[in-house]
Amino acid sequence: MVTLGSLSQLLAFLFTLGAMALILLGIVKNDMRFIISSRRALYNVTIFLVMASTALVMLFASDSFQVEYVASYSDRALPIFYKLTAFWAGQKGSLLFWALTLGLITAAVVRNTRDDLERRATPYIYLVLAGVQSFFLFLLVSVTSPFELLNFIPADGQGLNPMLQNPGMIFHPPTLFLGYVGFTVPFAYAVAAMVTGELDESWLKKTRTWNVLSWVFLAIGIILGGQWAYVELGWGGYWAWDPVENASFIPWLVATAFIHTAIIQERRNIMRVWNMVLIVLTFVLTIFGTYLVRSGVLQSVHDFGATGLGGYFLLFLAIVLFGGIYLIAESYSELRTYHSLESYLSRESTFLFNNVILLALAFSTLLGTLFPLISEVFTGNKITVSQPFFNRVNTPLFLFLILLTGLCPLMGWRKASPDNLKKNFVIPLGVTVTGAIVLFAAGIRGFYSLLAFILSIFVIATIFREFWTGTRARVRITGDPAFKAFPMLLWNMRRRYGGFIAHLGVVIMVIGITGSSAFKLESQGTLNRGQVIKVGSYALRYDDMNRYKLYNRDIYSATLSVFKNGRPLGTMNSEKRYYTGADEPTTEVSLRMSLLEDLYVTMPAIGKNQEITLRAAVNPLLVWVWIGSTVMVLGGVMAVIPRRRKREVEGDYERVEGDYDE
Amino acid sequence: MMIMVIMLVPAAGYSITTSEIEAELMCTCGCTMVLNTCKCGTSDQMRSSISGMIAKGMTKDEIIEWHVAKHSETVLAAPTRRGFNLIAYIGPWVGLLFGAGIAVVFVRRWTSSDEFEDEFDEDYLNEDHALSDDIQRKIDSELEQIEEG
Numbered sequence: 216m217v218t219l220g221s222l223s224q225l226l227a228f229l230f231t232l233g234a235m236a237l238i239l240l241g242i243v244k245n246d247m248r249f250i251i252s253s254r255r256a257l258y259n260v261t262i263f264l265v266m267a268s269t270a271l272v273m274l275f276a277s278d279s280f281q282v283e284y285v286a287s288y289s290d291r292a293l294p295i296f297y298k299l300t301a302f303w304a305g306q307k308g309s310l311l312f313w314a315l316t317l318g319l320i321t322a323a324v325v326r327n328t329r330d331d332l333e334r335r336a337t338p339y340i341y342l343v344l345a346g347v348q349s350f351f352l353f354l355l356v357s358v359t360s361p362f363e364l365l366n367f368i369p370a371d372g373q374g375l376n377p378m379l380q381n382p383g384m385i386f387h388p389p390t391l392f393l394g395y396v397g398f399t400v401p402f403a404y405a406v407a408a409m410v411t412g413e414l415d416e417s418w419l420k421k422t423r424t425w426n427v428l429s430w431v432f433l434a435i436g437i438i439l440g441g442q443w444a445y446v447e448l449g450w451g452g453y454w455a456w457d458p459v460e461n462a463s464f465i466p467w468l469v470a471t472a473f474i475h476t477a478i479i480q481e482r483r484n485i486m487r488v489w490n491m492v493l494i495v496l497t498f499v500l501t502i503f504g505t506y507l508v509r510s511g512v513l514q515s516v517h518d519f520g521a522t523g524l525g526g527y528f529l530l531f532l533a534i535v536l537f538g539g540i541y542l543i544a545e546s547y548s549e550l551r552t553y554h555s556l557e558s559y560l561s562r563e564s565t566f567l568f569n570n571v572i573l574l575a576l577a578f579s580t581l582l583g584t585l586f587p588l589i590s591e592v593f594t595g596n597k598i599t600v601s602q603p604f605f606n607r608v609n610t611p612l613f614l615f616l617i618l619l620t621g622l623c624p625l626m627g628w629r630k631a632s633p634d635n636l637k638k639n640f641v642i643p644l645g646v647t648v649t650g651a652i653v654l655f656a657a658g659i660r661g662f663y664s665l666l667a668f669i670l671s672i673f674v675i676a677t678i679f680r681e682f683w684t685g686t687r688a689r690v691r692i693t694g695d696p697a698f699k700a701f702p703m704l705l706w707n708m709r710r711r712y713g714g715f716i717a718h719l720g721v722v723i724m725v726i727g728i729t730g731s732s733a734f735k736l737e738s739q740g741t742l743n744r745g746q747v748i749k750v751g752s753y754a755l756r757y758d759d760m761n762r763y764k765l766y767n768r769d770i771y772s773a774t775l776s777v778f779k780n781g782r783p784l785g786t787m788n789s790e791k792r793y794y795t796g797a798d799e800p801t802t803e804v805s806l807r808m809s810l811l812e813d814l815y816v817t818m819p820a821i822g823k824n825q826e827i828t829l830r831a832a833v834n835p836l837l838v839w840v841w842i843g844s845t846v847m848v849l850g851g852v853m854a855v856i857p858r859r860r861k862r863e864v865e866g867d868y869e870r871v872e873g874d875y876d877e
Numbered sequence: 005m006m007i008m009v010i011m012l013v014p015a016a017g018y019s020i021t022t023s024e025i026e027a028e029l030m031c032t033c034g035c036t037m038v039l040n041t042c043k044c045g046t047s048d049q050m051r052s053s054i055s056g057m058i059a060k061g062m063t064k065d066e067i068i069e070w071h072v073a074k075h076s077e078t079v080l081a082a083p084t085r086r087g088f089n090l091i092a093y094i095g096p097w098v099g100l101l102f103g104a105g106i107a108v109v110f111v112r113r114w115t116s117s118d119e120f121e122d123e124f125d126e127d128y129l130n131e132d133h134a135l136s137d138d139i140q141r142k143i144d145s146e147l148e149q150i151e152e153g
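Residue numbers (this note's numbering), protein chains in the order written: chain A, 216 to 877; chain B, 5 to 153.
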């Protein structure tokens with residue numbers, strides 16, 4: 216298996232180099248036969264990467280501890296599920312997983328472009344994809360192979376970090392990688408468009424699904440990371456502004472900006488330079504994020520430490536960044552457009568200012584992440600920049616963004632007339648003012664929390680106004696009842712309404728984030744059996760302690776009776792787990808979720824006489840973070856579900872919808 | 005419904021709590037985690053020492069200053085707002101103003117680009133005039149027929 220894995224990796228690398236050589240020959244000699252051969256070579260790269268990945272999975276499954284990577288991330292007692300997913304638990308395996316994902320995506324692009332071989336851009340798209348792949352395969356083959364052997368065979372492996380033995384951690388890295396790697400495709404199309412001068416919006420239309428799906432996967436990866444932190448780390452939060460978290464969040468912000476302005480280019484053929492800048496920047500930031508995680512330049516709770524790969528990534532980053540800048544500068548005169556915006560009061564303008572805020576957020580997060588390094592260079596002091604800084608700086612920016620999210624649908628394309636604005640604003644503003652009065656009357660006084668709730672109400676009101684006007688129009692035209700017209704409206708105009716649903720998800724998340732951060736209640740105490748700790752309207756009574764063994768862990772489980780306002784609600788079990796081979800026990804979170812609030816309990820310590828230290832928190836509205844993020848992701852997916860080819864003759868309404876579906 | 009949900013959330017009262025101070029300090033064990041997120045032995049000691057200080061009547065600022073005196077500024081979870089650190093706080097806003105300024109300039113330029121409207125038909129400029137291969141072929145064959153005819 217080791218030989219199969221190493222050889223497959225090597226062959227994948229050689230075939231990638233071969234494909235690049237064939238593409239270059241095809242371009243230079245203007246001979247399609249070379250390009251057709253390069254397509255076969257790229258398919259072979261994918262096949263060899265699948266073989267290498269299968270070999271690594273088999274090595275984990277068979278406890279082949281002579282392989283250094285397997286010995287470092289698995290042991291005999293590890294459940295098979297985690298053994299298989301330990302594939303991407305460490306730096307080497309995750310690089311192979313990255314290459315595999317890129318291989319599969321490249322194969323999909325090669326297949327999708329089978330009818331586009333005559334286009335001048337197609338070979339360049341292949342060349343960029345193969346170029347990026349060659350970098351990762353070079354690292355795997357010559358710097359950091361997961362198939363490296365130890366010079367002895369250990370009796371057992373070191374095991375997987377207990378904190379990674381969580382279902383959320385199984386899906387978090389692959390979805391994040393899918394997001395990162397997916398952005399290689401629009402980047403490749405953008406580069407090909409600039410090299411060949413085919414700068415119309417066709418590259419955007421062809422990559423739209425890739426853009427949105429990569430954005431969706433990056434979002435899922437970030438959310439799963441947050442969900443894992445919430446249920447596994449035991450500190451009661453889901454986002455710590457850690458450098459590695461920021462490394463995924465920054466490209467997501469820039470990609471969000473790109474998705475918005477891509478719509479403008481598709482509709483108005485403006486902002487062509489800007490879109491090139493954004494997609495190059497998004498790709499550069501995905502590589503930069505990977506560099507941060509693997510270089511060890513910043514301290515983070517979950518980076519890979521100093522892996523020795525930092526220099527390679529920095530070099531690759533420089534090539535991509537300066538190459539991108541050069542191509543944009545070279546294509547600038549062709550990319551410039553003479554189309555105009557007709558008014559400040561237009562949807563295009565709000566998109567532009569929404570871009571400014573998104574980039575300001577990305578910039579502030581990047582600055583905060585790198586500031587310890589910057590400070591060390593200029594002052595000699597490596598200061599710390601963590602949660603409080605990011606919350607202070609980014610919260611007002613996020614609130615601006617939410618405001619623009621609400622304003623955008625109220626503005627028409629091109630130019631909003633005063634009458635139109637008045638008509639569009641009346642209901643959302645009325646709802647918002649009413650909501651603000653109710654919130655104030657309910658005792659909410661914190662400036663940011665009150666503002667966040669008010670702005671969320673405003674955005675929800677504007678979105679529902681969109682749903683209402685759309686449904687009313689459909690009822691009028693088709694005669695369908697509203698309950699049928701509404702889902703048909705969403706389905707038939709899914710690109711447009713998918714966007715609104717994604718926005719709805721974002722504001723639901725804002726409500727959850729605001730509630731859980733501004734109104735959190737906490738309590739901690741040490742209890743003997745029968746004693747009670749109170750937090751908010753809850754009381755927890757320590758009843759009993761049980762000890763048992765499950766899989767690769769010894770579990771101490773405290774049984775707690777839960778009361779709310781004196782009324783019994785049942786029991787919760789708070790656990791401390793001692794994993795085989797682990798130095799420290801882990802604390803398992805005990806959670807009671809509801810739409811209103813989460814009761815979040817951890818047991819940091821167990822005393823000699825089985826007295827327990829208990830930490831309890833009430834996190835209001837927290838479940839809305841997960842509901843909102845799910846809605847956001849579903850909105851994104853809905854927006855890219857392809858349309859079936861339309862029949863030649865269709866009803867008037869369907870045609871009108873098709874034209875309006877943006 | 006959302007408003008009703010929000011209404012049910014209790015309003016927060018104000019008093020110094022351990023967690024409020026924990027959110028401002030880093031754990032000193034080297035884990036790079038903010039104190040309120042860390043669960044190691046060092047963080048437990050820091051927490052109990054903070055609780056003791058609150059019980060003695062020390063203010064939030066006094067407790068934080070005590071920790072800075074003991075561990076240096078690296079114990080702070082956010083940089084102080086003075087000296088070189090101001091760049092971190094002002095930078096994003098300068099970036100925002102700069103970006104907004106550029107956006108305003110572009111929007112103004114675009115909204116007042118009448119010279120192009122005079123010279124070109126805007127709808128014509130909005131359209132994609134590249135001919136597809138099929139259409140080009142059709143035109144060519146029709147031209148051939150005209151010439152032959």
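Glycine included, C-beta positions come from ideal geometry on N, C-alpha and C. Being a predicted model, the structure only gives us computed values, none of them experimental.
Beyond the five residues adjoining it in sequence on each side, Leu636 of chain A comes within less than 8 Å, by CB distance, of Leu560, Leu625, Met626 in the same chain, given in chain order. In this structure, Asn788 of chain A places its C-beta atom within 8 Å of the C-beta atom of Thr774 of chain A.
Among the residues of chain B, those whose CB is under 9 Å from the CB of Phe604 of chain A are Ala81, Ala82, Pro83, Ala92, Tyr93, following chain order. Under the DSSP definition of a beta bridge, Asn596 of chain A lacks any partner. Ranking A:Asp758, A:Pro361, A:Leu448, A:Leu229 by CA distance to the CA of Cys42 of chain B puts A:Leu448 first. DSSP links Arg792 of chain A through a beta bridge to A:Ile770, A:Thr801. The segment 823-836 of chain A and the segment 702-716 of chain A do not touch, with fewer than 3 CB-CB distances between them shorter than 8 Å.
In the three-state scheme derived from DSSP, where H, G and I count as helix and E and B as strand, Gln825 of chain A is classed as coil. Rounded to whole angstroms, Gly346 of chain A and Ile250 of chain A show a C-alpha spacing of 15 Å. Between the segment 368-377 of chain A and the segment 282-299 of chain A there are three or more inter-stretch CB-CB distances shorter than 8 Å, so the stretches are counted as touching. Neighbours of Ala59 of chain B in chain A, taken as residues at a C-beta separation under 8 Å, are lacking, since the least C-beta distance is about 14 Å.
The C-alpha of Asn426 of chain A lies about 35 Å from the C-alpha of Val285 of chain A. Where Asn761 of chain A is concerned, the enclosing beta strand (DSSP E) starts and stops at 753-765.
For the segment 622-651 of chain A, residues whose beta-carbon sits nearer than 7 Å to a beta-carbon of chain B comprise Gly650.
Contact between the segment 564-575 of chain A and the segment 103-110 of chain B is present, with at least three C-beta pairs closer than 8 Å.
Contact of Lys74 of chain B with chain A is not assigned, every C-beta pair being separated by 8 Å or more. Shortest Cα-Cα distance from Arg687 of chain A to any of A:Ala697, A:Trp628, A:Leu612 involves A:Ala697. The Cβ of Leu574 of chain A sits closer than 8 Å to at least one Cβ of chain B.
By the Cβ-count criterion, Glu545 of chain A is exposed, with fewer than 16 other Cβ atoms from all chains shown falling within 10 Å of its own Cβ.
Residue contact check for Thr269 of chain A against chain B: no CB pair falls below 8 Å. Comparing alpha-carbon positions, the option among A:Leu614, A:Phe604, A:Ile320, A:Leu532 lying closest to Ala92 of chain B turns out to be A:Phe604. For Asp48 of chain B, the residues of chain A that pass the 9 Å Cβ criterion are Pro819, Ala820, Thr828, in the order they occur in the chain. Between Phe351 of chain A and Leu317 of chain A, the beta carbon gap of about 7 Å places them in contact (Cβ cut-off 8 Å). Here Ile748 of chain A is bridged, per DSSP, to A:Leu755. A straight line joining the alpha-carbon of Thr552 of chain A with that of Lys630 of chain A spans about 19 Å.
Taking 8 Å as the threshold, the shortest C-beta distance from Glu66 of chain B to chain A does not fall below it. Contact between the segment 605-621 of chain A and the segment 666-676 of chain A is established, with three or more Cβ pairs separated by less than 8 Å. By the C-beta criterion, the segment 584-597 of chain A is judged not to be in contact with the segment 21-38 of chain B, since fewer than 3 inter-stretch pairs fall below 8 Å. Around the beta carbon of Tyr404 of chain A, a 10 Å sphere encloses 16 or more other beta carbons of the protein chains shown; the residue is thus reported as buried.
Collapsing the DSSP output to three states places Thr552 of chain A in coil. Judged by DSSP in its simplified three-state form, Val285 of chain A adopts helix. With a contact defined as Cβ atoms closer than 8 Å, Leu29 of chain B and Ala81 of chain B qualify at about 6 Å. At a C-beta separation below 7 Å, Ser23 of chain B has these neighbours in chain A: Glu737. For Glu77 of chain B, the neighbours in chain A by C-beta distance under 9 Å run, in chain order, Asn596, Ile598, Thr599.
When Cβ-Cβ separations below 8 Å define contact, Ala773 of chain A makes no contact with chain B. The alpha-carbon of Met216 of chain A is positioned some 41 Å away from that of Trp418 of chain A.
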